[in-house]
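J.: To start, I am sharing the structure in question, which I have written as structure tokens.
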Amino acid sequence: MRGSSRIAARRRLLMSAVATLALTEGHGAFAQGVPGNPASFAATQQYQNQWGLDLIHAADAFARGYSGNGVTVAVADTGFTSVVPGFGAKIDPRSMNFVLPSAGAPYVSNQIDDIGSHGTHVAGIIAAPYDPANSGSMYGVAYDSKLVVLRMLGTPTEEVGHPSATALDYFPSLSNVTIYNASYGPNLDTMTNLKTWPSIAIDEYEAAAVGRALAAGKIIVAATGNDRDSNPIAGRNPSGIALMPFIQPNHANAGVYDDDGNRYNFSELLTQSGRVVAVTSVDINKHIASYANMCGVTASWCVAAPGGDQPAGGPGILSTVPTSVNASGYAQKSGTSMATPTVSGALAVLQGAFPGYSAGDLVNLLFATTEDLGAPGLDAVYGYGMIRLDRATDGPTSLAAGSTVNVASQTSTYWSQPLTTAGGFSKTGDGTLVIAGTTHATGDVNVAAGTLAVGGTLALGTSMTVQQGATLAGFGTVSGNVRIAGTLAAGAVPNYADLAANNGGSLPAGTPLNGSSPGLLTFNGNVVQTATSTTRLDIDGTYNVPGGPGTWDRIVVFGSGYSFTVGGTLVPVMRAIAGGNNDYTASLGSRFAYLKAEDGARITGSYSGLLQPTAGLPNGTRFDVLYSPTLLSLVVTPQSFRSLAGTPNQQALASALDAARPAAGVRPSDRAKGVFDALYGQTTTTGYTGMIDQMTGQGQPAMVGAVMGAYTAFGTAISERQMMWQSGGAAVQSSFAPSLALSYAGRDSNVETRFAGSPLAAYASADPAEASAAAAAGWTVWGQGFGRSARVGDSGSLPGGKSRSGGGIAGADRQVAPDTLVGGAFGVTRTTSDSAGTTGTSDTYAGAVYASYMPGRLVFDGRLAAGVTSQSTSRSVAGMGTNGSTDGVGFLAAGEAGYRLPAGQFTLMPYVGLTAQTFRRDGFTETGTFGLTFPRQTFDKLTSTAGVAASTVFTALDGARFRPEVRLAWGHDWRDDALTTQASLLDSPFVVTAADPGRDALVTRFAVTGWRTEALRIYAAYDGEFRRNAEAHQLTGGLRVSW
């Protein structure tokens, strides 16, 4: 392949041979071989001249009578010209031309003469006939096959449209032609030291044509490229068609190619009935050729084949050329262009041998029977390894019922032939039995020991049991019911005999002696894993392809009504993976979907545990399993949630999560599943911490404080009524007097609970006459509207909050003596609160009795209130709403005592007060995935007040009278249970705490009452409370008109 390229938006496809070596023509009479005797085929000079045949053990297939007879292969190249006897007769009349032989030449559709020699050389490797008269000749891998020649390589001026895409689109129309040889790709000869393949090497039109061919069930055999000698880093991976299935948005930054921001997505090429086969080249010593691009990220659809290495001084591959190139009609060339037709020829041999095999069957057969080169298993250099036609055509064609198939340790036996057994069989021995073709077992299959690797298809007439100590592996399909008591390990299994044979007779140091390479294993039936089962899951990276280095194991079960019941122990493996890079470290949140149910299948059961890998995970993390009916995924999660928590509330919630968390690998309860599934969706420690913070429900203490603040507001309104009576201004409230508090609100309503030590209602009037007038009043009915807002700031890592309350109160009282007032009141309050993402609305209905007593200079006030509250709360966790509702009952008892001291025109009154509150909230559970449970809880609060009040009365020049009043007091909380709330998550209890507003408060009040006559009185007041971390402001105004 040194030959292809897209310049700008067009593809420039050139033939570029490496070195050529002419062979002198010889003649001799050689029989091609004796059926059943591979050595007789290998002994011929023509066979030996094409040393690649010997490397792939083609003689074994030939001796079995498999030579591509009845198969036609499409060769897309520079054309075909050969005088080799009988070769021209093998060219299918459907051959087509897609380029001009020279600029300006007329287009002739059936003109397929070779524009050079590349196409003829490629064609000969596939299908050159045996020439017994010429001992200097060679013959093709599928020497009895035929060819459709698609001439589509030429210079840009010679192209007709888009030759590659046009040829690929023509290919599906060719009936009975399944294999397409693409010994071409991007021409990057002028580029050196590339780190990634440039965007000009990606042809989306060609990719679309490839997709259409694959959808038609075709096989495209594509060279990996010849650029590694000049681009050693980029050359670790293929270019061109071979790379296309890897090109998808999530690989754009993998350091393999540059898509110039186009975010190409050719991943559908992996899901079609047809297949792409990438081919790299090896020299005569089975080493990757010096120029050949490695399989790299395409390992799971890549193989190696002989392609020669003349640039490194080795022999090339002998094949046909036009006599204008060499008079003998044969010459040597090197390149992945030569390795590719070797694979196409091998597939033609297999298609002729097993005409009932589909494109997928043929490709899997080729992959499952390769010779293990390089690193064990599926590796980044050779992919599956070098193709082997002896293994791909091996195996029994019949098997007696009850047979025992014993495979010795570190050896492999291959079943490639279509096989229908006469009954069940048992697999014994510590070696590997590879089902590479299609086997139909009509009886029970028992895997007693060693490994059964299914690379093709195993159809079970009854069932299969994998005993404890045995392993089921592979990348093919198992149809039927399977019971696994042993190990399940998807992916290609190393061939230890190959590894030893290619390493002087001993296994290379460090060869893993168990497990497989990452791969995809498919089931079409019921699968049950017992308690002794082990699922080995290789995780080597995040590439989204079916296997190989940098990927992870996948298992698929499909079919309506089928189920995969997991059980036993899940064992993720991240080091000592056969063929793996073995250097991948997953990050927090990395997710690996490894078991998928499709087409109506389901996943049930639970693992009993998960054995954490010893390497490959960041410190402080572990693997957990995400369960769903159609998908199981491994995800990297924190080892402990508490280790990520910062604030006390986060730590409390995280400790509850740790306590409720199921053991790794174990299916969580339905209640727990939603919580942990959502948590496990986080990919950063910040994400986890943020979600834990949302889950705490740490705004709930503020909701309780808001309710207790409503009772405080109710009590304050009554105290104002008492104060007005005792100061001679009761008439102001004899009718409705609206009261509205305006303030800036912060984050917590707990300041409301601090108002329980509300201003002393009773302090002395300086006007005894007004007091006497009030004493004669009898029964009084009064009403008031009130509003209040408050805020508490955050305190360190604890949240504050804000609240607003508003409502109305109506009451009636009577002076039962000149110095005694008694009454009752009923009020309704609505409170809204907001704290740490939790919002609440509370409706409180309360009743109260109160009394004021003024013997001489002493003043005594008292109030008792009780009520019921309905509260609803809401918050959001991870975008999902969580709501709660509950009821409760509250009680308030408050009293003040003062002593009036005349001071000239003023009256001073020192006073003390004490307020006790209790709120009992019923238990409730929030709705939604993250709903917390809050038990029934009683909250108590006790507050004292000590201060001084001053008032006076003066008359303006116009006769209006005013009474200003000032109060300053110190409030102190002796107890406040509303700062903490009990909760539980998944039956694990914890406590959340709100910010402390401060135990001490400065309480202020400024009020003024004005009147000219008893018919009209105006009242206004400002109340304020200031704490270390909280404040509240209230403005009150009243108007009374009488007649």
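The sequence shown maps to residues -31 to -1, 1 to 1012 in mature numbering (1 follows the signal peptide of the UniProt record, and there is no 0).
C-beta: ideal position from N, C-alpha, C; glycine also.
(1) Take Leu709 and list the residues in its own chain whose beta-carbon comes closer than 6 Å to its own, dropping the five residues that flank it on each side.
(2) Can at least three beta-carbon pairs, one atom from the segment 823 to 832 and one from the segment 855 to 872, be found at a separation below 8 Å?
(3) Pull up the CB-CB distance for Gly585 and Arg523, whole angstroms please, since I reckon it's below 8 Å.
(4) Taking Gly892 as the reference, give the member of Gly857, Leu580, Trp751 with the closest Cα.
(5) Let me check one thing: in DSSP terms, what residues is Asp803 bridge-paired to?
(6) Alpha carbon to alpha carbon, how far is Pro275 from Arg33?
(7) Relative to the C-alpha of Pro670, which residue among Asp138, Leu122, Tyr99, Asp945 is closest?
(8) If the criterion is Cβ atoms closer than 8 Å, does the pair Val673 and Thr898 meet it?
(9) DSSP state of His1002, grouped into three classes?
(10) Can you give me the C-alpha to C-alpha distance between Asn551 and Leu347, rounded to a whole angstrom?
(11) Which two residues bound the contiguous beta strand (DSSP E) that contains Leu600?
(12) For Asn200 and Met160, which I take to be in contact (beta-carbon distance under 8 Å), what is that distance rounded to the nearest angstrom?
(13) Mapping the DSSP letters down to three states, classify Lys255 as helix, strand or coil.
(14) What do you reckon, are the CB atoms on Ile188 and Ile148 nearer than 8 Å?
(15) Could you please give the first and the last residue of the uninterrupted beta strand (DSSP E) stretch that includes Ser529?
(16) Here's a check: name, in chain order, each residue in its chain whose Cβ is nearer than 7 Å to the Cβ of Ala27, leaving out the five neighbours to either side.
(17) With distances taken Cα to Cα, identify the nearest neighbour of Gly558 among Asn450, Pro966, Gln651, Ile84.
(18) Mapping the DSSP letters down to three states, classify Arg981 as helix, strand or coil.
(19) Can you look up Gln437 in the DSSP assignment and give me helix, strand or coil?
(20) Three-state secondary structure (DSSP) at residue 1058?
(21) Glu934 bridges to which residues according to DSSP?
(22) Could you tell me the boundaries of the beta strand (DSSP E) in which Phe140 lies?
(23) In the DSSP assignment, the alpha helix (DSSP H) including His131 goes from what residue to what residue?
(24) Near Lys396, what residues of its chain come up, given a Cβ to Cβ distance below 6 Å and the 5 sequence neighbours on each side ignored?
(25) Counting only the same chain and skipping the five closest in sequence on each side, list residues whose C-beta sits under 6 Å from that of Ala442.
(26) Quick one: measure Cβ to Cβ for Val635 and Tyr576, integer angstroms, because I've assumed they're closer than 8 Å.
(27) Please name the residue or residues paired with Gly443 in a DSSP beta bridge.
(28) Could you have a look at Tyr226 and say whether DSSP puts it in helix, strand or coil?
(29) Out of Phe527, Thr456, Leu476, point me to the one whose CA is closest to Gln498's CA.
(30) Output the boundary residues of the beta strand (DSSP E) element that contains Ala308.
(31) What span of residues does the beta strand (DSSP E) with Gln620 cover, start to end?
(32) Can you tell me the Cα-Cα spacing of Asp568 and Pro62, whole angstroms?
(33) Measuring straight from C-alpha to C-alpha, what distance separates Ser727 and Thr914?
(34) Just reading off the alpha helix (DSSP H) that Gln17 is part of, what are its end residues?
(35) In its own chain, which residues sit with a C-beta less than 6 Å from the C-beta of Phe860, not counting the 5 before and 5 after it?
(36) Rounded to the nearest angstrom, how far is the Cβ of Gly121 from that of Val251, given a contact under 8 Å?
T.: Considering the structure as presented:
(1) Note that Leu709 has pLDDT 30, beneath the 50 cutoff, so the model's placement of it is unreliable and no number is given.
(2) The segment 823 to 832 is in contact with the segment 855 to 872.
(3) In this structure Gly585 is not in contact with Arg523, their Cβ atoms being roughly 18 Å apart against a cut-off of 8 Å.
(4) The alpha carbon of Gly892 has as its nearest neighbour, out of Gly857, Leu580, Trp751, the alpha carbon of Gly857.
(5) Lys771, Thr808
(6) Going from the Cα of Pro275 to the Cα of Arg33 covers about 22 Å.
(7) Asp945
(8) no
(9) strand
(10) 13 Å
(11) 600 to 607
(12) 7 Å
(13) Looking at Lys255 - three-state DSSP - the assignment turns out to be coil, as it is neither helix nor strand.
(14) Their beta carbons are under 8 Å apart, which means Ile188 touches Ile148 by this criterion.
(15) Careful: Ser529 lies outside any beta strand (DSSP E) and carries neither H nor E.
(16) Cβ neighbours of Ala27 beyond the five flanking positions: Val110, Leu358.
(17) When each option's Cα is compared against that of Gly558, the closest is Gln651.
(18) strand
(19) coil
(20) The structure shown has nothing for residue 1058, since the chain only spans -31 to 1012.
(21) Ser920, Ala976
(22) Counting along the chain, Phe140 sits inside no beta strand (DSSP E), nor does DSSP assign it H or E at all.
(23) No alpha helix (DSSP H) holds His131; DSSP gives it neither H nor E.
(24) Val374, Leu402, Val416, Leu421
(25) Thr420, Ala422, Ala458, Val462, Ser485
(26) That belief holds up - the Cβ atoms of Val635 and Tyr576 are roughly 6 Å apart, short of 8 Å.
(27) Val423, Gly460
(28) strand
(29) Thr456
(30) Premise fails: Ala308 lies in the alpha helix (DSSP H), 305 to 322, not in any beta strand (DSSP E).
(31) Not the beta strand (DSSP E): Gln620 falls in the alpha helix (DSSP H), residues 617 to 629.
(32) 43 Å
(33) Legend: pLDDT at Ser727 = 37, less than 50; position of this residue unreliable, value from coordinates given subsequently. Straight-line Cα distance between these residues: approximately 8 Å.
(34) 14 to 18
(35) Within the same chain, Ala835, Thr887 come within 6 Å of Phe860 by CB-CB distance, once the 5 residues on both sides are set aside.
(36) Per the sequence shown, residue 121 should be read as Met rather than Gly. In this structure Met121 does not touch Val251 by the C-beta definition: roughly 27 Å separates them, more than the 8 Å allowed.
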